[in-house]
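What follows is a short report on a single structure.
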Amino acid sequence: GLPLGGEYYKIRVTTPLLGAIFSSAGEVRNTLYKTASFQFVESLKNRPVVSFRIDGSAAETSGVGIGDVLLNVNNICIPDTDTAVKVLSETPRPMTLEFYAPGDRQVHICKTEGQCMVKYDARESMHPRTSREWKPKYVVIGDLLGKPNVIYMYRSKAEYDIAVREAQTSPRTLSVKVKQFDITGARILKRGQVRYPNQCSPWYYFVIVREFGLPIKISAESEEELAPVYDGIAGYLAKSKKRGPSTPPKWMQ
């Protein structure tokens with residue numbers, strides 16, 4: 150059965166696209182559900198969890214929350230993500246979806262994404278000397294494919310939404326550009342602040358040193374803005390610290 154507590158609710162969808170991406174509870178254990186207990190995650194088994202929601206989509210306007218669990222569609226039980234994709238694509242509209250929303254005492258939903266400034270094309274492990282060397286990117290840990298060891302960088306949140314929408318179609322060809330960085334075996338070398346003459350306040354940043362490829366620097370104008378991305382990366386690295394040595398990725402940065 151489902152965990153005790155939380156709320157159940159239903160929505161009615163008339164649009165062809167729901168505008169949500171689903172992952173299993175196990176896939177979001179180290180990201181969205183990282184504050185949840187082992188028992189909580191295990192009780193959900195393979196049920197589909199909303200791991201992403203497109204801005205302005207039917208899912209958002211209907212009040213579907215990140216971390217909510219899809220239970221059934223038109224009273225058809227949805228035990229896993231594959232079933233969710235199949236049933237949602239084949240069910241005529243309008244359709245009724247039932248969700249389970251975990252309570253605050255069970256889990257604090259942790260989004261591991263945000264608008265940041267990045268630097269990934271230099272060998273130095275120090276922060277850039279000028280603010281102009283940073284590039285603005287929308288940074289996501291895990292992303293559409295549910296790979297917690299990959300950092301995805303989009304040019305904007307809007308392009309990330311486009312990627313999510315296109316990833317729900319077949320074939321999965323994206324029209325937007327995305328940078329991917331494997332952080333398997335990586336470590337966070339430093340975390341600090343840097344003040345630039347043309348900026349009113351210091352920027353917060355951290356540096357990731359990878360086994361393969363150049364260092365990655367990520368920064369933001371406040372700790373609050375940087376926290377979701379930092380916590381997502383630090384959480385994955387802490388979880389994987391005791392794993393065996395990694396193998397080189399098929400692509401190199």
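Each residue of the sequence shown is one higher than the one before, counting from 150 in the numbering used here. The beta-carbon is built from N, C-alpha and C at its ideal position, and this holds for glycine as well. Just so you know, these numbers come straight off a predicted model, no measurement behind them.
Minimum C-alpha distance to residue i - residue among the options
i      : options                        : result
TYR249 : TYR158, LEU153, CYS259, GLY381 : TYR158
GLN329 : LYS284, VAL289, THR210, GLY381 : VAL289
ALA316 : ALA174, PRO152, PHE201         : PHE201
ALA369 : ALA383, VAL358, TYR287         : TYR287
LEU153 : ALA169, LEU193, THR184         : LEU193
ALA208 : THR232, GLU239, ARG314         : ARG314
PRO364 : ARG344, CYS349, VAL267         : VAL267
GLU239 : LEU166, CYS349, ILE160, VAL378 : LEU166
SER324 : ALA307, THR333, ALA233         : ALA307
PRO241 : GLU156, VAL162, VAL199         : VAL162
PHE355 : ALA169, PRO346, GLU374         : GLU374
PRO251 : ARG336, ILE332, VAL190, ASP380 : VAL190
TYR182 : LYS296, VAL236, CYS259         : CYS259
GLY263 : ILE382, LEU386, ALA387, SER389 : ILE382
ALA335 : ILE367, VAL343, SER389, SER371 : SER389
PRO277 : ASP229, TYR309, ILE367, ASP231 : ILE367
TYR353 : GLU360, ARG344, VAL234, THR230 : ARG344
ILE332 : PRO346, LEU338, GLY155, VAL299 : VAL299
VAL177 : THR210, ILE160, GLY212, ASP217 : ASP217
SER407 : SER206, ALA169, LYS339         : Limits of the chain in this structure are 150 at one end and 402 at the other, which puts residue 407 out of reach.
THR279 : PRO346, GLY205, THR322         : PRO346
For residue i: DSSP bridge partner residues
i      : result
GLU262 : VAL289
LYS296 : DSSP output for LYS296 lists no bridge partner at all.
ILE303 : The question names Ile, but residue 303 is Tyr in the sequence shown. DSSP, once it has assigned bridges, lists TYR287, VAL327 as partnering TYR303.
ALA169 : ARG202
SER368 : MET266, TYR354
LYS339 : VAL356
PRO197 : SER173
TYR157 : TYR249
CYS226 : ASN221
Three-state secondary structure assigned by DSSP to residue i
i      : result
SER389 : helix
VAL213 : coil
GLN188 : helix
THR164 : coil
PRO377 : helix
ALA271 : coil
VAL256 : coil
THR245 : strand
ALA250 : strand
VAL177 : coil
LEU151 : coil
LEU219 : strand
ARG344 : coil
TYR182 : coil
ILE332 : coil
GLY362 : coil
THR232 : helix
ARG314 : helix
ARG139 : This structure does not reach residue 139, given that the chain is present from 150 up to 402, and the question cannot be answered.
Are the stretch 218-225 and the stretch 235-250 in contact at 8 Å, needing three or more beta carbon pairs?
Judged by pairs of C-beta atoms under 8 Å, the stretch 218-225 touches the stretch 235-250, as three or more such pairs exist.
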